[in-house]
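Residues in the sequence shown are numbered consecutively from -3, following the numbering used here.
What follows is one structure encoded as structure tokens, with my remarks underneath.
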Amino acid sequence: MQNLSALPRTWDLTSYFPSFNGPEYKAFKATLISDLADQLAATATLPNLDAANCRAWAKHINVYEDLVGRISHLSSYLGNTCATDAASEPGKRESADLATHFATLSKVHSELLRGISKADNDTWKLLLADPVLVGAVHTLNRMRTEAIHRMSGAEESLAADLGVNGISAWGRLYENLTGQMTFEMIWPDGRKETVPMAQRRALMSNTDRAVRASAFKEGNRTWAAHGETLAAAINAIAGTRLSLYGRRGQSNFLDQPYFDSSVSAATIDAMFKAIAANYEVPRQALRLGAKLQKATALAFYDLEAPSPLDPMPPLSWGDAVNLVDQAFSAGYPGLADYYRDILQKRWVESEKRANKRSGAYCTGSVVTGEQRVYMTYADTMHDANTLAHEVGHAWHSHVIKGLRPFAQEYPMTLAETASTFAEKMFMHGMLQDPKLTESQRAFLLDQECSNAASYLLNIAMRYEFEKELYTRRKSGELSVSELKALMTDTQRKVYGDTIADGDEDPWFWASKLHFFITEVSFYNFPYTFGYLLSLALFAEFKRTGADFLPRYEAFLRSTGVASCEDAVKSTLGWDLTSEKFWADAVSSVGVPVKAFAEIVAQR
Ligand SMILES: [Zn+2]
């Protein structure tokens, strides 16, 4: 076997296209553009779906699916090219150009929805039975639901046009305004400095509590100065959505986010009820953090404080690669083989160098059936964990490759389940390693505790706030003071006594970008869902060992062909609408919390 740590750390993209903007790239793109135009012309003139034209619609849906696959191949390639060369002007130009082709694709999609929106049940059954649509029932039924909840073509088109200067403009205002914000930082030595708001988060995870407190307090002065504008934006964004939902016949503001996540209200209700009934589990994790910081209760600005444990020595790429390999090999040989294979094929980009975009992601192509992992490894255990996380996503795509493109589209809820499962596999392998030092063990358990606090408290708080915001927004705009009070009350309810009275963050709603994303609402619960489901999966793996892995892979294969509930029920036999299921997952966090408590007690 090749020495993994000696392999090149830059990825190879030549299987997408031999060269950027070369002849193969140009030919692929030209064919795609002309096929998109042909398809739009063909669907736009086809009358609505009926028994007579069923075959024709089936073929058009099939062509659309192929177009989606090809445009995402191009998009993945350009995304990768720009990520590794953020300054590339030709890359940016090609990406901008791609947006116009996505717009054509979206028009084709609209025609499909128009075509199927009025179909009766018998015609629909006829369409589903068409041989070219085998294995696409789940996606087609979702398209039908989407089609039913649409206004007329003219109304949707007007809404899209007005949206550019309406809801999207509020989102852009938020980004532009906050991008220029600064605040007056007062350093512990009394020195004053004007710093960009973008640096506040880093300052709020400074080791010095006085630095964190000043960044929090002085930063909030700036948020307060813009309070009216930000309240106008959040009210307008929520208000626009409520109007559109009403016009589209969606009675509940959660219908759309649940639909996007392929999950039912019963499931998410059961999940948050179970979390609320067990808030004490993650609160216990926070109390350990407070104890280490020698405080009785935390302030909001302590939530992202670094651990006062001994800092971990730098972890080289070579060591990280081998640790992930050992952990995967010990628990999941199939995953380990795949992992070694993708390192050898240079599907992983990890080198630290200039001009790379920040962040990490996994991408792939249904055209080539390949995956790619992007990250910048910076010698920390956190980055090693990111590697395991992204490889978990890649493994998910690998397991389902070969299925038709529709069946390879899974919601964010289930995407994060696969990545978190791989993280757990890594973490578990590390904790089993006899060579693990005491400080490494403390570090890993501390990580588990802080994950519990962020997924079970912080994200729960965001979800509860957003839910109440939309409920109240139905009867009018919320004032700045109402938004602040709602935020504070929600934090009190969720964090309990772990946050000291008066040390909440009433401006959290203003400072959190997620509430101002105009493409999706409730950008929170899918994370908690993925986290808890992966804990349940991992607990089952620990109980049943290697026998569990084929069931896990069957689950992964069903993520694009069924709702979250059905995918889990049909492959694992679990009922996601059961509060007990989620309560067990939350309780399982008690194990690492207890182990960490013992370490804290010894200090
Ligand atoms: Zn992820």
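Yeah, the Cβ is synthetic: ideal placement off N, Cα and C, and Gly gets one too.
What you are looking at is a predicted structure, and each value in this text was computed from that prediction instead of being measured.
| query | result |
| --- | --- |
| Residue from 50, 364, 505 whose Cα sits closest to the Cα of residue 119 | 50 |
| Backbone CA spacing between residue 611 and residue 187 [nearest angstrom] | Summary: the structure shown does not reach residue 611, with the chain confined to residues -3 through 599, and so no result is reported for it. |
| Cross-strand partners of residue 192 (DSSP beta bridge) | 178 |
| Unbroken stretches of the alpha helix (DSSP H), 4 residues or longer, contained in the region 86 to 119 | none |
| Any non-hydrogen atom of ligand 2 closer than 7 Å to residue 412 Cβ | Of the ligands this structure carries, namely ligand 1, none is ligand 2. |
| CA-to-CA distance, residue 227 to residue 479, given in whole angstroms | 8 Å |
| Pick from 242, 305, 183 that is closest to residue 438, judged by C-alpha positions | 305 |
| Exposed unless 16 or more other CB atoms sit within 10 angstroms - verdict on residue 22 | exposed |
| Cβ-Cβ distance between residue 585 and residue 456 below 8 Å | no |
| Contact check, residue 0 vs residue 336, beta carbons under 8 Å | yes |
| Limits of the alpha helix (DSSP H) - the one that residue 252 falls within | 251 to 256 |
| Where residue 367 falls: helix, strand or coil (DSSP) | strand |
| Residue 416 (DSSP reduced to helix, strand or coil) | helix |
| Straight-line gap, residue 408 to residue 209 (C-alpha atoms, nearest Å) | 35 Å |
| Rounded distance between the beta-carbons of residue 104 and residue 60, thought under 8 Å | 6 Å |
| Any non-hydrogen atom of ligand 1 within 7 Å of residue 394 CB | no |
| Reference residue 463; option with closest CA among 207, 79, 265, 176 | 265 |
| Ordered list of alpha helix (DSSP H) runs contained in the region 452 to 484, each at least 4 residues | 455 to 469 |
| Closer than 7 Å: residue 530 CB and nearest ligand 1 heavy atom | no |
| Residue 109 beta carbon less than 8 Å from that of residue 142 | yes |
| Start and end residues, alpha helix (DSSP H) containing residue 360 | Counting along the chain, residue 360 falls outside any alpha helix (DSSP H), though it belongs to the beta strand (DSSP E) covering 357 to 361. |
| Straight-line gap, residue 235 to residue 215 (C-alpha atoms, nearest Å) | 28 Å |
| Identified DSSP bridge partners for residue 345 | 370 |
| 8 Å contact criterion, which residue 633 and residue 595 should meet: CB distance rounded | Since the first and last residues shown for the chain are -3 and 599, residue 633 lies out of range. |
| Helix, strand or coil at residue 495 according to DSSP, with G and I counted as helix | strand |
| Supposed contact pair residue 528 and residue 548 - C-beta distance, whole angstroms, cut 8 Å | About 16 Å separates the two Cβ atoms, so there is no contact after all. |
| C-alpha distance - residue 314 paired with residue 2, whole-angstrom precision | 7 Å |
| Own chain partners of residue 487 with C-beta closer than 8 Å, once the 5 adjacent residues on each side are dropped | 296, 457, 495, 500, 501, 504 |
| Residue 415 beta carbon near ligand 1 (any heavy atom closer than 7 Å) | yes |
| Any non-hydrogen atom of ligand 1 closer than 7 Å to residue 424 Cβ | no |
| Residue 531 versus 412, 562, 593, 557, residue with shortest Cα-Cα distance | 412 |
| Closest by C-alpha distance to residue 308, when choosing among 378, 524, 489, 233 | 378 |
| Exposed unless 16 or more other CB atoms sit within 10 angstroms - verdict on residue 219 | buried |
| Best match in 171, 63, 416, 184 for proximity to residue 193 [C-alpha to C-alpha] | 171 |
| DSSP three-state assignment for residue 3, whether helix, strand or coil | coil |
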